[in-house]
Amino acid sequence: MPLVELSRVRRLLVCPRCRSELVAEPDALHCAARDCAYGRTGAFPMVGRWPVLVDFERSVMDRAVVPAEGAGRADSLPAPVRRLVKPPNRVAARNIDLLLRALPGPAPRLLVVGGATIGNGVRAAYRDPRVEVIAFDIVAGPLTQFVADAHQIPLPERSVDAVLVQAVLEHVLEPPTVVSEIHRVLKDDGLVYAETPFLQQVHAGAHDFGRYTVSGHRYLFRRFEELAAGAVAGPGTQLLWSVEHLVRGLTRSANAGRGARVLLCWLRALDRMVPPGFAEDDAAAVFFLGRKSEDAMTPAEIIRYYRGAQ
Ligand SMILES: [Zn+2]
């Protein structure tokens, strides 16, 4: 797995508040700028080997509580059941293949925002020996090199060739700020791949804030040229999840909901019979693959952009 060594990533890292260089201490780091709020000794703690580069005054993260990532529930299930509960994301796999083909140079740098776990369908990005993967999340874990908040990415501008942000933007308070940060850290002509929920129930409890239509998602990435966009999963998947949550609510039992989901998993196959325009109007999640641009889409252009079935 081509995760870049932490020692090599450390050279790239900057202060999340002012983007000055960092000064390493035995068990912490601080900002090299004397007038920065994080310029004092011990300003950025370490959790294990992970530097925690968070501007705590401006983040939902609590300085005293930076949890380590544990194994997810789906990962602990036997493989056949796991495939029923969480089938392979073929749309992501296809788009990651497009992204990897479009990446330039001998050692392109891919930044994974929210990389504590490997997302569904994106494993090829971690297997490509050419690609150098840098990853962070708000939790420490074996698949990341540092802890950070995506609203203030502690990397210099134009420092990565591509960004992967899958199932993350619903968990941030200000998605336009996060996308602006992604735009900033990308090199000119850098690539982004994003997947974000549209018609989906609340997940991750207190940390779920938003949803996007295909058009809304496109406008969120308005300073990017579109290479591909559309629905990740359509109305069949959306109906399956709705039934799961209806059963969960009626029985007050998450396990009963999951049982209904396994029994009715065939609903997902109906997605294949729905044309793209209809699927986009009723998508469970949407995707965008784009290239960094200095031109922004205008409000008039986003109205003309709509490709749904209405
Ligand atoms: Zn600073």
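Take the sequence shown: its letters are residues 2 to 311, numbered as in the numbering used here. Ideal Cβ placement from N, Cα and C applies to all residues, glycine included.
Restricting attention to beta strand (DSSP E) runs no shorter than 3 residues, the stretch 217 to 253 encloses them at 225 to 234, ordered along the chain. Taking 9 Å as the cut-off, the Cβ atoms of A126 and I97 count as close.
Only residues of its own chain outside the window of five on either side were considered, and among them L268, R269, L271, D272 have a CB closer than 6 Å to the CB of G237, listed in chain order. Distance from the CA of A195 to the CA of F288, rounded to the nearest whole angstrom, comes to 6 Å.
Counting only residues of its own chain and dropping the five nearest sequence neighbours on each side, P157 has a CB closer than 8 Å to the CB of L13, V15, R20, V186. Here DSSP, grouped into helix, strand and coil, assigns M274 to helix. Taken through DSSP and simplified to helix, strand or coil, A25 comes out as strand. For R9 and G258, the gap between their C-alpha atoms comes out near 45 Å. A distance below 9 Å separates the beta carbons of R224 and H184. Setting aside the 5 residues that flank it on each side, M62 is surrounded in the same chain by V55, I139, D150, each with a C-beta closer than 7 Å to its C-beta; the list follows chain order.
Pairing P109 with V248, the inter-Cα distance amounts to about 46 Å. Within the chosen limit of 8 Å, ligand 1 reaches the beta carbon of A38 through at least one heavy atom. Annotation note: the stretch 10 to 62 contains the following uninterrupted beta strand (DSSP E) runs of length 3 or greater, listed N- to C-terminal: 23 to 25, 29 to 32, 45 to 48, 51 to 54.
Rounded to whole angstroms, the Cβ separation of W51 and F147 is 6 Å, and the two are in contact under 8 Å. One thing to note: A168 has its Cβ within 9 Å of the Cβ of G120. Within the stretch 180 to 208, the complete beta strand (DSSP E) runs of at least 3 residues fall at 187 to 198. Among the bridge pairs identified by DSSP, F147 is matched with F137.
Here the distance from the Cβ of C32 to the nearest heavy atom of ligand 1 is below 8 Å. A distance criterion of 8 Å places the beta-carbon of S21 in contact range of ligand 1, judged by its closest non-hydrogen atom.
For a cut-off of 8 Å, the C-beta gap from V92 to V233 is around 5 Å, short enough to register as a contact. The C-alpha of L165 lies about 24 Å from the C-alpha of Q239. Taken through DSSP and simplified to helix, strand or coil, F288 comes out as strand.
Boundaries cannot be given for R64, as no beta strand (DSSP E) includes it and DSSP labels it neither H nor E.
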